[in-house]
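*Asks:* Chains as they are written, first to last, in this note's numbering: chain V, 1 to 115; chain H, 116 to 228.
No residue lacks a Cβ here, since even glycine has one placed at the ideal position from N, Cα and C.
Because the structure is a prediction, the values reported are computed rather than measured.
So that we are looking at the same thing, I have put the structure below in structure tokens.
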Amino acid sequence: SQTIHQWPATLVQPVGSPLSLECTVEGTSNPNLYWYRQAAGRGLQLLFYSVGIGQISSEVPQNLSASRPQDRQFILSSKKLLLSDSGFYLCAWGQGWGATNEKLFFGSGTQLSVL
Amino acid sequence: ELKVEQNPLFLSMQEGKNYTIYCNYSTTSDRLYWYRQDPGKSLESLFVLLSNGAVKQEGRLMASLDTKARLSTLHITAAVHDLSATYFCAVDGGSSNTGKLIFGQGTTLQVKP
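Here you go:
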């Protein structure tokens, strides 16, 4: 069965420091991968989307970047964090879009606090 | 730009009561998703609605989709405390079923004993 791992679970970082969040998927190949952010008390905002190694689509302009160095690995990064980068970051994977059973599966999330 | 709007955003109800959460979206789509989120936790898939008129039920929750009205409903029957959570609807925002889900703001449901 497929599983998605996301870490760390909690992160407190000072303003201006770098960021690296990692997500890996097991049990499947060539998944679509996604990074979402949820600000406190808000809905989810799609940040990045990837259909394959090295293929990244940015959905909103921001202080963050994403990379996909391997088929089942998705990394969210920043060179210098801003206060506004605080939030709950969720990685997700999906496959088989257009079929009847597709949906997104979410990781456990990273609560990022930028102070 | 695709917009997904839920109402109400907050719902406090007594156990045993029925209520409906509404999800409206602004562009054509024949797929709609409902997710549940417990505080501080990830999202759990509840329903995938794939066509106009689709209805799915799981326990005390029933979801339906009207693609012509661009409306989905999540009906809660005889609510129990365990249903307290935030519920999100989402629509595929991509032009070709890309899986880029656009989420509503979420409805926080509080079921009181």
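Buried or exposed for V/VAL12, please, with buried defined as at least 16 other CB atoms from any protein chain shown within 10 angstroms of its CB.
*Replies:* Taking every protein chain shown into account, the CB of V/VAL12 has fewer than 16 other CB atoms within 10 angstroms, so this residue is exposed.
*Asks:* Where does the unbroken beta strand (DSSP E) through V/GLY94 begin, and where does it stop?
*Replies:* That run of the beta strand (DSSP E) goes 87–94.
*Asks:* Does V/LYS80 come within less than 7 Å of chain H when only Cβ atoms are used?
*Replies:* It does not: the Cβ of V/LYS80 has no partner Cβ on chain H nearer than 7 Å.
*Asks:* Look at the Cβ atom of H/LYS132, then the Cβ atom of H/ALA200, and state whether they are nearer than 7 Å.
*Replies:* no
*Asks:* For V/THR24 and H/ILE191, I'd like the C-alpha separation in whole angstroms.
*Replies:* 35 Å
*Asks:* With DSSP run on the structure shown, which of helix, strand or coil describes V/SER84?
*Replies:* Under the three-state reduction of DSSP output, V/SER84 falls in the helix class.
*Asks:* What does DSSP give as the partner residues of V/GLY43 in its beta bridges?
*Replies:* According to DSSP, which records beta bridges pairwise, V/GLY43 is partnered with nothing at all.
*Asks:* Given a threshold of 16 other Cβ atoms within 10 Å of its Cβ, counted over all protein chains shown, does V/PRO31 qualify as buried or as exposed?
*Replies:* buried
*Asks:* Return the residues of the segment 215–226 of chain H that lie within a Cβ-Cβ distance of less than 9 Å from chain V, sorted by chain order.
*Replies:* LYS215, LEU216, ILE217, PHE218, GLY219, GLN220, GLY221, THR223
*Asks:* Over what stretch of residues does the beta strand (DSSP E) that includes H/ARG151 continue unbroken?
*Replies:* 147–152
*Asks:* Give me whichever residues DSSP pairs with V/GLY6 in a beta bridge.
*Replies:* A small correction: the amino acid at residue 6 of chain V is Gln; Gly does not occupy that position in the sequence shown. Note: V/GLN6 sits in a beta bridge opposite V/CYS23.
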